[in-house]
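To start, the structure under review is shown below, and the notes come after it.
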Amino acid sequence: MKKFLSMLLALTMLLSLMSVPALAEDGSHKLSVWCWDPAFNMFAMEEAAKVYQAEVDPDFELEIIETPWADLQPKLTTAGMSGDYSGLPDMFLCQDNAFQKNVMTFPDMFLDITDSGIDFAQFGSAKTAYSVVDGKNYGVPFDNGAVVNAVRVDVLEAAGYTVADVTDIDWTRYLEIGRDVLAKTGKPMLSGTAGEPDMIMIMLQSCGASLFNEDGSLSIQDNPAVMEVLELYTAMVKEGIFVEVNGWDEYIGTLTNDVVASTINGCWILASIQTAEDQSGKWAVTNIPKLVTSENATNYSNNGGSSWAVSSNCQNTALAYDFLAKTFAGSVPFYETIMTSGALATYLPAGDSAEYAVPQEFFGGDAIYAKITEYAGMIPSNYTGVYYYEARDAVGNAMTAIVNGADVASTMADAQMTVEFAMGI
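Quick note on my numbering: the sequence shown kicks off at 212 and runs consecutively.
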């Protein structure tokens, strides 16, 4: 009996300790965070704070400091160049494509959160990979940038096709359908901003390819995946299957004003599509075409997104880890709540929730949120590195020149040289 009581007492003490909020050494219940967009990222942080207050620590405080990305990145650079991190908050949001660059350039700015208690296996591996450097985790994945193929069902039907005909196909078949749809309806399949290489990057990541090798060396000029993608893109533009426009607003207009038959972009584009209320029921969501000759080709990719970092200036590391682990990395109800802002999870358990399974009338009654979360788990990861944006811009410029008739080999050689110069090679 004494042994049983002793064990019961030990268990009670353990449970009591588990319920105690993770405080800083000074007993503080407060964290600070930099992020942007009041209706999206800041809203998500506000809701996360409410969840943590309700379920863990009623005294928890979160100071959310609005910091546009255009200001946040320069602040990180300034702190990193000076070596003075005292002005940083406890946590901050970082665009995924800039995450590795920042960690590799300013390694002392970020805390290694690999052993923080956060279960990174619960996120899509490609999403998690954006904030991994040398096998260590530096970020908690947030918003879902899984790419979707959003199609106008009525336009496809007018040309004799269904959504099934554009599902699980490759780009060769997609171009065949695109030519037929254009001929029968007069509508291009796709649109995008001229000179903006989003489609190029989407197609590359769908097979796990990058503009860099995993050792950080540049891979533009002689990269077979890059060549296949450029050939496909050029063909679509020249044949009228892909129409190039002059800016973002004009691109959105092609979707909401019955100009094109579909769009391929990050799932966040669905919010813009739904502003055309008269088109409810006419849209559907499926996966994207896969490359034909490139190795590891899939029908899944990513475009956009960001992750949360814990700064080396964090005074409340135990609290920061616990907060992130029990909200962004541990609460399905939290992700259900922030769906109202259009924020979709890369936290895979959320895809099995009742809210994510709700049929969406605008998209023909399909449970698109569960579908998109499933897509997120199948995206191949790729390497971004320190010079991602320089390489991306160079390829975008090359893409424009090639579409306008420039020689492919010499143009890509010039792009390689441009990035090598930036890299100091």
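Using N, Cα and C, we set each Cβ at its ideal position, and we do this for glycine too.
Note that the segment 445-461 touches the segment 395-405; at least 3 beta-carbon pairs, one per stretch, sit closer than 8 Å.
Shortest Cα-Cα distance from Asn-355 to any of Leu-242, Val-521, Ala-581 involves Ala-581. According to DSSP, residue pairing for Arg-363 in a beta bridge involves Trp-494. The Cβ-Cβ distance between Asp-270 and Val-521 does not fall below 8 Å. Of the residues Phe-573, Ala-587, Ala-495, the one whose Cα lies closest to the Cα of Gly-515 is Ala-587. According to the DSSP assignment, Thr-465 belongs to no beta strand (DSSP E) but to the alpha helix (DSSP H) extending over 459-467. Under the three-state reduction of DSSP output, Glu-439 falls in the helix class.
Two segments are said to touch when three or more pairs of C-beta atoms, one from each, lie closer than 8 Å; by this definition the segment 588-605 touches the segment 328-348. Judged by DSSP secondary structure, Gly-477 falls outside any alpha helix (DSSP H) and instead within the beta strand (DSSP E) spanning 473-477. Counting every other CB atom within 10 Å of its CB across the protein chains shown gives Ser-428 a total below 16, marking it as exposed. Membership of Ser-243 in any alpha helix (DSSP H) is not indicated; the residue belongs instead to the beta strand (DSSP E) covering 241-246. Trp-382 is positioned such that its CB atom lies closer than 8 Å to that of Val-503.
Comparing alpha carbon positions, the residue from Ala-361, Thr-288, Leu-287, Trp-245 closest to Asp-577 is Ala-361.
With 16 or more neighbouring CB atoms inside 10 Å of its own CB, Ser-327 falls in the buried class. Shown here for Ser-518: same chain residues with a beta carbon closer than 7 Å to its own, the five before and five after excluded, namely Cys-305, Asp-307, Phe-310, Tyr-341, Ser-342, Gly-350, Val-351, Pro-352, Phe-353 in chain order. Cβ contact annotation for Ile-549 (same chain, cutoff 8 Å, sequence separation greater than five): Phe-254, Ala-255, Glu-258, in chain order. The alpha-carbon of Leu-530 is positioned some 14 Å away from that of Val-262. Residue pairing for Asn-527: DSSP places it in no beta bridge.
Secondary structure note for Val-377: it is in no beta strand (DSSP E), with a DSSP letter that is neither H nor E. Taking a C-beta distance under 8 Å as the contact criterion, Asn-513 and Val-377 do not qualify as a contact pair. Between Ala-420 and Ser-505 a beta carbon distance of about 6 Å is seen, short of the 8 Å cut, so the two are scored as contacting.
With a beta-carbon spacing of about 16 Å, Phe-545 and Leu-242 fall beyond the 8 Å limit used to define contacts.
Pairing Ala-436 with Leu-415 gives a Cβ-Cβ distance under 8 Å.
The beta carbon of Lys-537 sits closer than 8 Å to the beta carbons of Val-262, Tyr-263, Glu-266, Val-267 from its chain, once the five residues preceding and following it are set aside; these are given in chain order. Distance check between Thr-316 and each of Thr-622, Glu-450, Gln-627, Tyr-598 places Tyr-598 closest, using alpha-carbon atoms only.
Between Ala-487 and Gly-464, the alpha-carbon positions lie close to 10 Å from each other. A Cβ-Cβ contact shorter than 8 Å links Thr-396 with Ala-370. With a cutoff of 8 Å on beta-carbon distance, Glu-547 and Glu-572 are scored as not near each other. Excluding sequence positions up to five before and after Gly-389, its CB lies within less than 6 Å of the CB of Met-400, Ile-452, all in the same chain and listed in chain order. With respect to Thr-528, Ser-417 sits apart: the two C-beta atoms are not nearer than 8 Å. Per DSSP, reduced to three states, the secondary structure at Ile-275 is strand. Going by beta carbons, Ala-602 and Val-630 fall inside the 8 Å limit. Glu-272 is classed as exposed because its beta carbon has fewer than 16 other beta carbons within 10 Å across all chains shown.
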